[in-house]
Amino acid sequence: MKVDYQVVVVGAGPAGCAAANYLARRGVEVALVEKAQVPGQRNVTGGVLYTDYLPGYSFGDAFPGFHEEAPLERRIVSHEVVILSEPRRNNGKVSYRVGEIGEDSFLSRLGIAGFSEAGGEAYSVLRARLDRWMAAKVSESGGAVVTFTSVEDLYRENGKIRGVVTSSETITCNLVIDASGVTSNLVEKAGLRGPLGPDKVYHGVKHVFKLSAEKIEERFNLKPGEGRAIFFLGDVMKGVSGGGFLYTNKDTLSVGIVISLNSFIEQSVSRIGEISKPVDILEELESHPAVAPLLEGAELVEYSAHNIPKGYKTWLKRPYTDGFLAAGDALGAFVKIGGLIDGMRRAVATGIMAAETYLKAAERGDFSAASLAVYESLLRPIYRDVKRSGLNSLLTESKFAYSVAPKLLLALIGKGVESNPATPPLMGGEDAIKKIQALTGLLEYDEDKEYSHIKVDLEKASRQLVKLWVPACPVNCYTIVLEKGVYASFKDLYRYNLEQLLARGVERGRAEREAVAETLRDISRARLNFDHVACVACGTCGVIGPPEIVLFSHEREGHGVKYRYG
1005 MKVDYQVVVV GAGPAGCAAA NYLARRGVEV ALVEKAQVPG QRNVTGGVLY
1055 TDYLPGYSFG DAFPGFHEEA PLERRIVSHE VVILSEPRRN NGKVSYRVGE
1105 IGEDSFLSRL GIAGFSEAGG EAYSVLRARL DRWMAAKVSE SGGAVVTFTS
1155 VEDLYRENGK IRGVVTSSET ITCNLVIDAS GVTSNLVEKA GLRGPLGPDK
1205 VYHGVKHVFK LSAEKIEERF NLKPGEGRAI FFLGDVMKGV SGGGFLYTNK
1255 DTLSVGIVIS LNSFIEQSVS RIGEISKPVD ILEELESHPA VAPLLEGAEL
1305 VEYSAHNIPK GYKTWLKRPY TDGFLAAGDA LGAFVKIGGL IDGMRRAVAT
1355 GIMAAETYLK AAERGDFSAA SLAVYESLLR PIYRDVKRSG LNSLLTESKF
1405 AYSVAPKLLL ALIGKGVESN PATPPLMGGE DAIKKIQALT GLLEYDEDKE
1455 YSHIKVDLEK ASRQLVKLWV PACPVNCYTI VLEKGVYASF KDLYRYNLEQ
1505 LLARGVERGR AEREAVAETL RDISRARLNF DHVACVACGT CGVIGPPEIV
1555 LFSHEREGHG VKYRYG
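Each residue of the sequence shown is one higher than the one before, counting from 1005 in this note's numbering.
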């Protein structure tokens, strides 16, 4: 049977572009199918790109001339972990303790920080620029880059995968390489895993601040072209497992947090009066007196959110089936060791490995699961990294690591600091709805007012006692509706209830306890409201699910958010 393409690669991120370019340069008829209008518009990273990896499987192997041509921001010359205590204010001054773990420190040499895993050169990157460049290379190499196209299903003949089904057509091929990321539903349709749960993903939220190159170099003590990567731990995380980061780009700063989604969900209920949305934790970090001076005078230009697979929990035990391979985040090829957040180079490696698997199968003219099983052996070095990341997580992602260890380290290596308070450029106010409206107002959308890529059974959702989609959603897709008002966070509802009790003269301690109980009752009886228009397609609601209540898929025909930085 004649096919439209020999290979269809789904998703124009690092894994997809690497696979497509590797194949196109070898004369394979390959289509790179991307849901966004322009590759990179939907992709987000922190992010630091570590270029060196396994010989034959690095960025330079996927894209010859990568170091000379790619839109890299700054070469990272230092990594450090900064541990921060909660600031205390007294007599117009702010005091706190700070501890630093540099690359040459004793603790770093023990492997706690993860810096020894970096290896070779590292660069800060912005995905909207990097992914666009990589996809352009695919086109230059002879591959077809098909944008504005969401893949919604797999096409089968005689029970075997022979292509993909988009919102407008069926595209046939000998092999599908799924590189559509952590939100992939194709690996489920291929029968390789079930839906992800909150315990299997990290949730990332990021701000991009505009600041001149000269200011960045002066403020961070850098030479032109040099950059720093700073990771933050401590009380600023509000008891949520995770940490913050700050990366210097050419003329912007990427500031964000990466947290365990299940930990955030737990804390949003158990600390209902303290935690509103994930972005609140980020703003807490940005307003800390150790961080705020670094952002002074910077302009907030983008807000983004993204889920990241916990590779050690999402790695596909069998990453192939007849006519189908998974690569990158869809495969679970992600490693986090200490402060090192490291997915892109492994994504590229899996993309090359998937391409090599196709070439071997094409020699035999056999794209059955048995023929594609060689992919598993190629992936062994990456699996070892992922497994090591899982072992590391037993220490670095434990409650001890995020609650007790920072305090111990501050006592051992920390120093006291007193300073004048500084305030970074924050958006909105305390109210979650207004704050998120201000943040999403920074973004450009191509709205689809007819089709919703998220299906919500509002009747079933409204019957849930705890509507976890509300605090976990990084935007305002989910709100709860009561006669008291409309709320996009449990914290805002708690504050309303507390204010009412205090106004009636209830003693504060008792009022706080009663406000918690009343808020939980309100949440259980509230009606859930859903609006997809300002969605950032992170997929968090789908991870929380369950699928019979909330089913997440992708926007059609290029609709949705369009990140300028990513």
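Note that CB positions come from ideal geometry on N, CA and C, so glycine has one too.
As a beta-bridge residue in DSSP terms, I1345 pairs with K1340. Going by beta carbons, G1017 and A1358 fall outside the 8 angstroms limit. The alpha helix (DSSP H) runs of length 4 or more contained entirely in the stretch 1267–1307 are, from start to end of the chain, 1282–1291 and 1296–1299. Between the alpha carbons of N1424 and P1293 lies a distance of about 8 angstroms. Within the stretch 1446–1514, the alpha helix (DSSP H) runs of at least 4 residues that lie entirely inside it are, in chain order, 1462–1466, 1473–1476 and 1494–1507.
Rounded to the nearest angstrom, the Cβ distance from V1537 to C1545 is 14 angstroms, too far for a contact under 8 angstroms. Under the three-state reduction of DSSP, T1153 is assigned to coil, being neither helix nor strand. Looking at the backbone, the Cα of K1141 and that of K1471 are separated by about 44 angstroms.
Within a 10 Å sphere around the beta-carbon of S1264 sit 16 or more other beta-carbons, which makes this residue buried. DSSP places K1164 in the uninterrupted beta strand (DSSP E) bounded by K1164 to T1170.
Taken through DSSP and simplified to helix, strand or coil, T1523 comes out as helix. Between A1024 and V1014, the gap from beta carbon to beta carbon reaches 8 angstroms or more. F1070 sits in a helix when the DSSP states are folded into three classes.
Between the beta-carbon of V1150 and that of F1328 there is about 18 angstroms, and that puts the pair past the 8 angstroms contact cut. In this structure the stretch 1287–1307 lies against the stretch 1442–1460, because at least three pairs of beta carbons, one per stretch, are closer than 8 angstroms.
The stretch 1073–1089 makes contact with the stretch 1099–1108: 3 or more CB pairs, one atom from each, lie closer than 8 angstroms.
For the set P1478, D1182, L1414 and H1457, the Cα lying nearest the Cα of I1440 is the one of P1478. Scanning its chain for C-beta atoms nearer than 8 angstroms, with the 5 sequence neighbours on each side dropped, one finds around Y1100 the residues L1088, S1089, E1090, P1091, R1092, H1292, P1293, A1294, G1420 and V1421, in chain order. The C-beta separation of D1526 from L1497 comes to about 6 angstroms, placing the pair in contact by the 8 angstroms criterion. Secondary structure at F1224: coil, using DSSP grouped into helix, strand and coil. The three-state reading of DSSP puts G1238 in strand, counting E and B together. For A1330, the enclosing beta strand (DSSP E) stretches over residues F1328 to A1330. Under the three-state reduction of DSSP, V1191 is assigned to helix. Pairing A1530 with I1484, the inter-Cα distance amounts to about 6 angstroms.
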